[in-house]
Structures are given as C-alpha cells and as structure tokens.
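This report concerns only the one structure given below.
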Amino acid sequence: MSMKFSPVWITPISRKITLIENKMKVDEMVTVRDITLTSTCEHHFVTIDGKATVAYIPKDSVIGLSKINRIVQFFAQRPQVQERLTQQILIALQTLLGTNNVAVSIDAVHYCVKARGIRDATSATTTTSLGGLFKSSQNTRHEFLRAVRHHN
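Residue numbers (full-length UniProt numbering): 1 to 152.
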C-alpha cells in the first residue's frame, strides 16, 4: 500500500524573506538557538520533534531573525530525513545571504525510534551541516558547537 500526501498542508514561505543591508559591517557570528521544529519521518510517517540552532557570519546583508525560524519551519513541514533537512536549511541560508559562512545543527527525537520498533524513549539524533569558515576554521566551528552544547 502506498501513501500519497497532498501538498495542501505544505505552505509556502508566505512572506518575502527580507534582507537588510549590513551597513554596520557586522562580521561576527549571529546565532539563533532553540528553534522548535516538527517534521514527519519520510520512512515511517511518524513525528520528528526537535530544535535547531542556526548561525551565520554576515557579509553584505543580515536577515530578519524571525526569517531564520520561518526557513527552518518551511523545510520541516514536509516528510523528511533529518540529514536532508539540515542541509536544506544550510543551502537556503547560504543562497539568501550570499555567503558560505552558515552552520546548522538539529537535535531531534524520532518517534519511529521512541514509539515503535526499539521503543527507546531517551535517545535523540543530532545532525550538523557546516559551510565556509564554520567548516574551515577550527575556532569558528568550536564557537558554534559551544553555542549548540550550551543549550542542549
């Protein structure tokens, strides 16, 4: 038996994603933590509940902070695997911001693990996607990962 999903429940990013000129030449990390997300496991069609941490180092533009949450929720609303979700958020922000200096970490509970099969109620899965300085600079990567661990 195959399942079909109607795209009706998938809403587009309804508002224009606004970027703001980086007039102050901010060049330090901007981090948004504890972005709640709920998705659906594309293998088992059960819930994935988690939180994302997103960081970027501005170049020519900064993004409205709520827009980061909106991007996370946009990609999370469709059946997903967590690894792809993490990558999609990274690539979307890199494209919008015109910089590779973006990092995304998601910590989530998969109900396919928690409520069926192995029934492990305490495990969580963490995925991380790093770009630009977050990948090439050990100091930048460590600063981001400290921010992630600080709140988990």
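All C-beta atoms in this analysis are idealised placements derived from N, C-alpha and C, irrespective of residue type, glycine included.
Range of the contiguous alpha helix (DSSP H) that encloses residue i
| i | result |
| --- | --- |
| residue 183 | Residue 183 lies beyond the residue range present for the chain, which begins at 1 and ends at 152; the question has no answer from this structure. |
| residue 113 | 111-114 |
| residue 18 | It is not in any alpha helix (DSSP H) - residue 18 carries neither H nor E in the DSSP assignment. |
Residue of the options minimising C-alpha distance to residue i
| i | options | result |
| --- | --- | --- |
| residue 116 | 56, 45, 54, 18 | 45 |
| residue 131 | 122, 32, 88, 21 | 88 |
| residue 47 | 150, 38, 55 | 38 |
| residue 207 | 102, 127, 103 | Lying before the first or after the last residue shown, residue 207 is absent from the chain, which here runs from 1 to 152. |
| residue 61 | 144, 42, 49, 100 | 100 |
| residue 26 | 125, 49, 56, 43 | 56 |
| residue 53 | 59, 43, 32 | 32 |
| residue 133 | 58, 22, 43 | 58 |
| residue 107 | 85, 92, 43, 118 | 85 |
| residue 111 | 149, 125, 103 | 125 |
| residue 181 | 102, 49, 103 | This structure gives no information on residue 181, because the portion of the chain shown stretches from 1 to 152. |
Anticipated Cβ contact below 8 angstroms, residue i with residue j, distance rounded
| i | j | result |
| --- | --- | --- |
| residue 113 | residue 123 | 6 angstroms |
| residue 36 | residue 79 | Incorrect: roughly 18 angstroms between the Cβ atoms, too far for contact. |
| residue 144 | residue 24 | Going by Cβ atoms, the distance from residue 144 to residue 24 rounds to 22 angstroms, so no, they are not a contact pair. |
| residue 90 | residue 63 | In fact, because the Cβ distance is near 14 angstroms, the residues do not count as touching under 8 angstroms. |
| residue 81 | residue 21 | The pair is not a contact, with the Cβ atoms about 36 angstroms apart (cut-off 8 angstroms). |
Inset, instruction - Entirely within the UniProt domain "GTP cyclohydrolase I" (19-148) and at least 3 residues each: give me those beta strand (DSSP E) ranges in chain order. - result: Taking only runs of at least 3 residues, the beta strand (DSSP E) segments lying wholly in the UniProt domain "GTP cyclohydrolase I" (19-148) are 19-21, 30-41, 47-56, 61-63, 102-110, 125-130.
Inset, instruction - Tell me, please, whether the region 61-73 touches the region 136-151 by the rule of three or more beta-carbon pairs shorter than 8 angstroms. - result: No contact exists between the region 61-73 and the region 136-151.
Inset, instruction - Mind the definition here: the region 59-67 touches the region 92-106 only if three or more C-beta pairs lie below 8 angstroms; say whether that holds. - result: yes
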